[in-house]
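Asks: So the sequence lines, in the order shown, correspond to chains A, B, C, D and E.
Using our numbering, you'd call the opening residue of the first sequence number 5 and step up by one each time.
Using our numbering, you'd call the opening residue of the second sequence number 5 and step up by one each time.
Using our numbering, you'd call the opening residue of the third sequence number 48 and step up by one each time.
Using our numbering, you'd call the opening residue of the fourth sequence number 2 and step up by one each time.
Using our numbering, you'd call the opening residue of the fifth sequence number 2 and step up by one each time.
Each residue gets a CB set at the ideal place from its N, CA and C atoms; glycine is no exception.
Because the structure is a prediction, the values reported are computed rather than measured.
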Amino acid sequence: MIEIQIRHQIFTSSGNKFLEVDERISEGSFVHVSGDSGIGKTTFFKVLSGLVVPDFGFIKLNDKILLDTANKIFLPPQKRNISLMFQNYALFPNMTVKQNIAFAQTEKDENIVDELLEKFALKTFENTSPSKLSGGQQQRVALARTLAQNAEIVLLDEPFSAVDIAMRKVMLNELLEFNKNNNSTFFVISHSEEEFESFSTYNLNII
Amino acid sequence: MIEIQIRHQIFTSSGNKFLEVDERISEGSFVHVSGDSGIGKTTFFKVLSGLVVPDFGFIKLNDKILLDTANKIFLPPQKRNISLMFQNYALFPNMTVKQNIAFAQTEKDENIVDELLEKFALKTFENTSPSKLSGGQQQRVALARTLAQNAEIVLLDEPFSAVDIAMRKVMLNELLEFNKNNNSTFFVISHSEEEFESFSTYNLNII
Amino acid sequence: KKKEPNSSEKSTQNSFISVAAAANLRDVLEDLKQIYIKENPDKKVEITFGSSGLLVQQILNGAPFDLFLSADTQFPEKLKSAGKNYGNPKIYAYGKVVLWSLKKNVSKGLDLLQNLEINKIAIANPELAPYGKNTVEALKKSGLYSKIENKIVWAENISQVAQFASTGNADVGFIALSNAKNKEMMRRGNFYELSEKECAPIAQSGIVLKGKSQTEAQDFFDFINSEKANEIWKRYGYQTKISK
Amino acid sequence: MLDQDFIYTLLLTGKLALITTVILILIGIPVAYWLSYSRFKLKFIAETLISMPMVLPPTVMGYYLLVAFSPENAFGDFLQKYCDVRLAFSFQGIVIASIIANLPFMIQPLQNGFSALNDDLRQASYTMGKSKIVTLFKVLIPNIKKSVITGIALTFAHCIGEFGIVIMVGGNIPKETRIASVAIYDQVQALNFEAANRYAFVLFILSFLILLLIYSINRKTNFTTFR
Amino acid sequence: MLDQDFIYTLLLTGKLALITTVILILIGIPVAYWLSYSRFKLKFIAETLISMPMVLPPTVMGYYLLVAFSPENAFGDFLQKYCDVRLAFSFQGIVIASIIANLPFMIQPLQNGFSALNDDLRQASYTMGKSKIVTLFKVLIPNIKKSVITGIALTFAHCIGEFGIVIMVGGNIPKETRIASVAIYDQVQALNFEAANRYAFVLFILSFLILLLIYSINRKTNFTTFR
Ligand SMILES: Nc1ncnc2c1ncn2[C@@H]1O[C@H](COP(=O)(O)OP(=O)(O)OP(=O)(O)O)[C@@H](O)[C@H]1O
Ligand SMILES: Nc1ncnc2c1ncn2[C@@H]1O[C@H](COP(=O)(O)OP(=O)(O)OP(=O)(O)O)[C@@H](O)[C@H]1O
Ligand SMILES: [Mg+2]
Ligand SMILES: [Mg+2]
């Protein structure tokens with residue numbers, strides 16, 4: 005069970021507003037996160053992963069308290085076992101595609117890296133610098149890297165925005181399979197609601 | 005009439021390949037550019053705007069030759085009057101949202117800037133640095149900036165990938181209106197084909 | 048006082064004398080200059096201090112100096128052979144070498160150097176500084192040199208020796224009597240003056256250089272060598288004559 | 002506490018540092034721009050050459066400049082005869098010496114700044130029809146502000162402290178080439194340690210305040226949310 | 002063409018430059034890291050202080066170090082009594098002097114590099130469970146390679162040429178503290194121009210080659226497609 009309570013002031017198009025989330029989500033869920041542009045979806049992810057400390061927050065993953073602002077508990081990002089795919093990918097320019105993916109692994113396993121490269125049609129680029137890839141290719145590397153981390157909670161910030169429809173299907177299936185096999189919880193921000201309706205087990209609409 | 009002939013070697017997932025385009029497009033068209041991820045759509049835009057010199061290329065806009073590799077004619081980007089919205093936005097961090105938009109104008113007109121800010125729901129952020137905006141907000145700034153330039157040819161590289169469906173409609177309508185009023189030619193890369201089918205006057209599928 | 052002539056005016060205004068002098072002459076020359084100016088209110092004297100070697104470089108490359116006062120006798124000869132001179136080199140003073148220490152009592156003389164408590168002995172580089180050269184010769188003559196050779200630290204010039212010794216980094220140092228008579232050096236430590244027999248005094252010569260103010264420079268140089276100036280030289284630890 | 006002479010000396014030092022820094026910005030920006038954006042294969046040789054003024058002892062570097070400026074020499078002679086400038090022992094001379102000595106301190110940070118900048122910004126500006134000059138001043142330079150400040154601070158500070166090359170080329174002429182570092186050096190040489198301390202203290206405090214001002218321009222921190 | 006003495010001198014110079022550069026990287030990286038990522042409001046004061054060794058003439062700076070190292074002084078006395086090190090006139094002493102003199106040349110470029118880096122990279126590495134140390138060495142430093150190279154080159158070059166502070170602290174003891182720049186300076190002082198030229202030429206060429214090597218690591222150009 006994942007318990008999330010957040011209250012954090014942000015500045016949006018309609019002035020100051022509170023990003024408020026209060027949810028209990030069972031482990032292994034596939035959560036579709038939606039909401040208007042600028043409403044605080046990315047901020048929500050950054051709070052979950054520990055990159056932003058909210059004004060008030062309580063996050064509990066099973067018995068582990070990740071955040072409890074009232075009691076000044078703050079687990080740093082390194083200790084949360086939550087992976088995050090950045091909206092702008094944040095690929096490491098000093099590493100090749102393959103190294104980027106391998107770097108994310110907590111337990112090194114080259115087979116898994118190869119498998120991911122294969123599935124996301126990145127094999128040809130494995131030794132290329134991510135800065136030399138097209139937008140969609142970079143997005144696939146970022147997704148593969150996030151999955152390679154094999155974290156308990158996986159946060160994906162618009163993972164399909166730059167890929168074509170065929171590839172999107174492939175990636176989505178990959179996610180679902182991963183979700184099932186590893187019993188990890190997925191939170192996915194996406195603007196194409198329809199796509200997710202069929203299989204998301206939970207809808208989190210931020211308003 | 006816009007005449008485009010390009011042949012340029014690129015490196016894709018399936019090895020080396022030629023990006024080949026040979027089209028004649030009438031002015032004022034709304035061209036939907038599609039194609040697989042990594043096929044060369046962004047490269048095609050960079051060739052049009054003069055940021056990449058192709059192995060072979062001939063581009064003519066009415067009577068003006070923009071590029072003719074055979075005769076070593078190469079009009080630099082500054083002289084082409086083609087605006088380009090970058091896939092990663094390329095907003096200027098040293099300028100506010102408003103300054104970014106105003107900078108693109110060839111003829112300064114603050115009213116137009118204000119209008120764009122209003123239409124894209126950016127008014128609240130006009131004095132904010134783009135680095136402090138959400139992904140979707142940044143994308144809207146980038147689009148507003150590209151329109152503000154009021155160029156003969158407008159190239160938009162996935163302009164709606166990060167915004168929600170409601171905002172997407174607003175932006176699309178804005179584009180169409182602009183396209184009609186200014187008789188400028190639009191090339192738009194997008195993965196959501198359906199959205200464009202109804203009103204694009206031309207489909208350019210890169211293979 | 049308000050309007051100082053700049054370099055272009057110098058050539059036209061003949062009462063302006065530009066002197067290049069070895070750095071260790073600073074205090075004594077400032078004094079001599081004051082007296083000279085009091086007697087000749089129409090004259091202007093401007094002194095640039097520096098290491099003799101560097102000043103010679105500058106003169107050889109066209110520096111607009113009228114008089115050069117060296118810390119040795121070789122450099123003025125060099126200028127003469129380069130044809131930069133107006134007059135001939137002339138010895139204006141002799142310097143004496145002293146053994147100086149911040150903490151150790153040096154009144155007993157050179158024998159102290161063999162003492163085990165003395166670890167570092169600062170001496171000016173004999174290839175560059177005449178004081179260093181004469182010091183080394185003196186130490187060799189007394190037979191001490193080979194015994195203390197490994198304790199020596201070489202400095203660029205006697206000023207640096209004084210800095211090494213006065214900060215206590217070198218236990219003792221060989222400097223000029225004129226250095227030792229400096230107010231701050233007097234306050235800090237004690238010194239032993241080497242007799243003429245122990246160490247030959249260092250002849251320092253000067254030379255008037257060719258130029259628009261050569262006659263005025265000669266006048267100032269004559270003043271420096273005059274009886275009247277003798278007193279001042281002595282006060283600052285220089286001799287004007289030596290026993291032959 | 003300070004004599005009039007030393008105040009003149011400080012003013013001269015400030016003038017030298019200011020002029021050198023300003024001229025070096027004017028030289029440094031185009032050179033660094035070229036080093037960053039040119040596709041010339043051998044530009045790492047140019048980068049190396051720019052650092053070379055540093056490897057020679059400043060006085061020795063100064064000596065070579067002195068020889069070059071000497072009226073005994075073709076170049077110095079030409080300057081004196083036809084342009085009526087005498088570089089050795091003049092303020093112009095020490096400005097030139099100081100520019101050469103400080104070349105790497107301005108150019109290196111600027112070049113680093115340009116190179117670290119995402120090239121898309123430059124390209125975006127070009128597609129907006131902006132010339133290279135407009136792009137340089139409105140887009141590139143404002144985005145490497147930190148590098149510009151580093152370049153200014155390093156050049157300024159080094160200009161204040163480095164006197165070897167200046168003393169060699171300029172001698173030590175009051176109000177013309179006698180800068181504060183030379184005056185302090187003189188006092189130390191003459192074993193007037195108290196005067197040297199006093200001068201050094203004043204120079205130190207003044208430089209500290211000026212550098213503080215330069216760096217404080219840059220103060221705002223970029224990392225607001227993340228702890 | 003070169004006497005044995007000068008070869009020893011060159012070797013000693015190389016040793017000093019190498020040791021200084023290595024130690025300064027070890028000091029510079031954590032300091033620059035702190036300056037870039039700390040949210041301490043007054044860190045611009047620290048930035049200013051780091052530049053301060055530059056504003057005092059090197060010889061004068063050296064004089065103050067002599068005072069600090071003196072056995073008459075608490076610090077120097079402590080070192081001599083309890084650690085049996087005497088800093089003045091020793092190789093250790095000139096290494097320390099040289100580190101202080103070169104502090105800004107290493108730290109400033111590194112700090113610039115860190116600051117220019119997109120902070121997302123650091124954050125991404127943290128969410129992957131990587132510690133700050135791993136992030137520093139695997140993500141941050143490799144991405145500011147250009148800044149590291151600039152820092153190394155500036156430090157190295159300045160270390161070769163700057164002798165004022167070294168000579169002051171170390172004297173001029175063959176094989177112990179006599180570095181090449183001092184030897185050249187001495188030759189110029191003694192008006193041995195030919196020897197000075199010969200030495201300077203050799204030093205210049207060797208430094209040029211080393212710097213060329215350092216800069217060539219950085220050679221690959223980032224702008225391939227755009228003309
Ligand atoms: N800077 C670069 N240097 C070298 N190769 C590049 C560079 N940018 C892109 N490429 C390669 O050129 C090919 C075409 O890239 P391009 O960005 O044009 O694709 P695209 O059609 O825009 O793809 P997407 O939909 O993923 O953005 C890609 O396979 C990519 O690997
Ligand atoms: N680095 C930042 N500093 C200050 N404010 C920020 C920063 N990033 C985002 N914001 C503000 O916080 C609000 C929420 O941003 P967030 O990125 O969480 O939105 P989002 O829901 O992810 O939007 P989008 O769908 O457009 O990506 C926005 O209104 C934005 O202006
Ligand atoms: Mg977002
Ligand atoms: Mg693309």
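From what residue to what residue does the beta strand (DSSP E) around D:Tyr9 run?
Replies: Element bounds for D:Tyr9: not the beta strand (DSSP E) but the alpha helix (DSSP H), Gln5 to Tyr38.
Asks: Looking only at its own chain, which residues have a Cβ that is under 6 Å from the Cβ of E:Asp6, when we skip the five neighbours before and after it?
Replies: none
Asks: Leaving out the 5 sequence neighbours to the left and right, which residues in its chain are closer than 8 Å to A:Gln153 when beta-carbon positions are compared?
Replies: Ser87, Ala108, Gln109 and Thr110
Asks: Can we count B:Thr128 as close to ligand 2, meaning its CB is less than 6 Å from some heavy atom?
Replies: no
Asks: Quick one: which residues of the region 38 to 67 of chain A get their C-beta closer than 7 Å to a C-beta of chain B? List them in chain order.
Replies: Going along the region 38 to 67 of chain A in chain order, one finds Asp40, Ser41, Gly42 and Thr46 with a Cβ nearer than 7 Å to chain B.
Asks: Tell me which residues share the same chain as D:Ser116 and place their Cβ nearer than 8 Å to its Cβ, disregarding the 5 neighbours each side in the sequence.
Replies: Apart from sequence neighbours up to five positions away, the residues of its chain that approach D:Ser116 with a beta-carbon distance below 8 Å are Ser37, ordered along the chain.
Asks: Run through the DSSP bridge pairs and tell me what B:Gly19 is partnered with.
Replies: B:Gly19 is bridged to B:Thr16.
Asks: Between C:Pro248, C:Ala129, C:Tyr285 and C:Leu256, which lies nearest to E:Leu192 when the distance is taken from Cα to Cα?
Replies: C:Ala129
Asks: Please check if any C-beta of chain C sits within less than 7 Å of the C-beta of E:Gly94.
Replies: False, the Cβ-Cβ gap to chain C never drops below 7 Å.
Asks: Does DSSP put C:Lys125 in a helix, in a strand, or in coil?
Replies: helix
Asks: By how many angstroms is the C-alpha of B:Gln143 removed from the C-alpha of A:Leu120?
Replies: 29 Å
Asks: If we cut at 7 Å on Cβ distances, does E:Val140 have a partner in chain A?
Replies: yes
Asks: Compare the Cα-Cα distances from C:Leu157 to each of C:Gln105, C:Lys151, C:Leu146 and C:Ala202 and report the closest residue.
Replies: By alpha-carbon distance to C:Leu157, the top candidate from C:Gln105, C:Lys151, C:Leu146 and C:Ala202 is C:Leu146.
Asks: Please report the straight-line C-alpha distance between E:Val96 and E:Ala201, rounded to a whole angstrom.
Replies: 22 Å
Asks: On a CA-only basis, which of A:Asn185, A:Leu179 and A:Glu198 is nearest A:Phe191? Give me that one, please.
Replies: A:Leu179
Asks: Could you tell me which residues DSSP puts in a beta bridge with A:Ile69?
Replies: A:Lys64
Asks: I'd like to know whether the C-beta atoms of D:Ile51 and D:Leu104 end up nearer to each other than 7 Å.
Replies: Going by C-beta atoms, D:Ile51 is nearer than 7 Å to D:Leu104.
Asks: Can you give me the C-alpha to C-alpha distance between D:Asp121 and D:Pro110, rounded to a whole angstrom?
Replies: Spanning the two alpha carbons is a distance of roughly 21 Å.
Asks: Assign C:Gly97 to one of three DSSP states: helix, strand, or coil.
Replies: When secondary structure is reduced to three states using DSSP, C:Gly97 falls in the strand class.
Asks: Output yes or no for whether 7 Å exceeds the beta carbon distance between E:Ser147 and D:Asn144.
Replies: Strictly speaking, residue 147 of chain E in this sequence is Lys, with Ser absent from that position. Result no, Cβ atoms of E:Lys147 and D:Asn144 do not sit closer than 7 Å.
Asks: DSSP on C:Glu164, reduced to helix/strand/coil?
Replies: coil
Asks: Quick one: is D:Lys147 near chain E, going by C-beta distance under 7 Å?
Replies: yes
Asks: If C:Tyr133 sits next to C:Gln261, beta carbons under 8 Å apart, how far is it from one beta carbon to the other, in whole angstroms?
Replies: 4 Å
Asks: What is the DSSP secondary structure of A:Val57, reduced to helix, strand or coil?
Replies: coil
Asks: Measure the C-alpha to C-alpha separation of D:Ser132 and B:Ile69 and round it to an integer number of angstroms.
Replies: Rounded to the nearest angstrom, the two C-alpha atoms are 20 Å apart.
Asks: Quick check: the Cα distance between A:Ile6 and A:Ile29, rounded to an integer number of angstroms?
Replies: 5 Å
Asks: Check this for me: beta carbons of A:Val145 and A:Pro134, under 7 Å apart or not?
Replies: yes
Asks: Measure the CB-CB distance between C:Gly97 and D:Ala89 and report whether it falls below 7 Å.
Replies: Not in contact: C:Gly97 and D:Ala89 (Cβ atoms no closer than 7 Å).
Asks: Look at the Cβ atom of C:Val66, then the Cβ atom of C:Ile106, and state whether they are nearer than 7 Å.
Replies: Going by beta carbons, C:Val66 and C:Ile106 fall outside the 7 Å limit.
Asks: Would D:Thr49 count as contacting chain E if we go by Cβ distances under 7 Å?
Replies: yes
Asks: Quick one: measure Cβ to Cβ for D:Glu195 and C:Glu231, integer angstroms, because I've assumed they're closer than 8 Å.
Replies: Right, the Cβ-Cβ distance comes to about 7 Å (below 8 Å), so this counts as a contact.
Asks: Quick one: what does DSSP say C:Gly253 is sitting in, helix, strand or coil?
Replies: strand
Asks: Nearest-angstrom Cα distance between A:Pro97 and D:Cys84?
Replies: Rounded to the nearest angstrom, the two C-alpha atoms are 53 Å apart.
Asks: What are the boundary residues of the beta strand (DSSP E) that includes A:Met89?
Replies: Ile86 to Met89
Asks: List the DSSP bridge partners of B:Arg28.
Replies: B:Glu7
Asks: Assign E:Gln124 to one of three DSSP states: helix, strand, or coil.
Replies: helix
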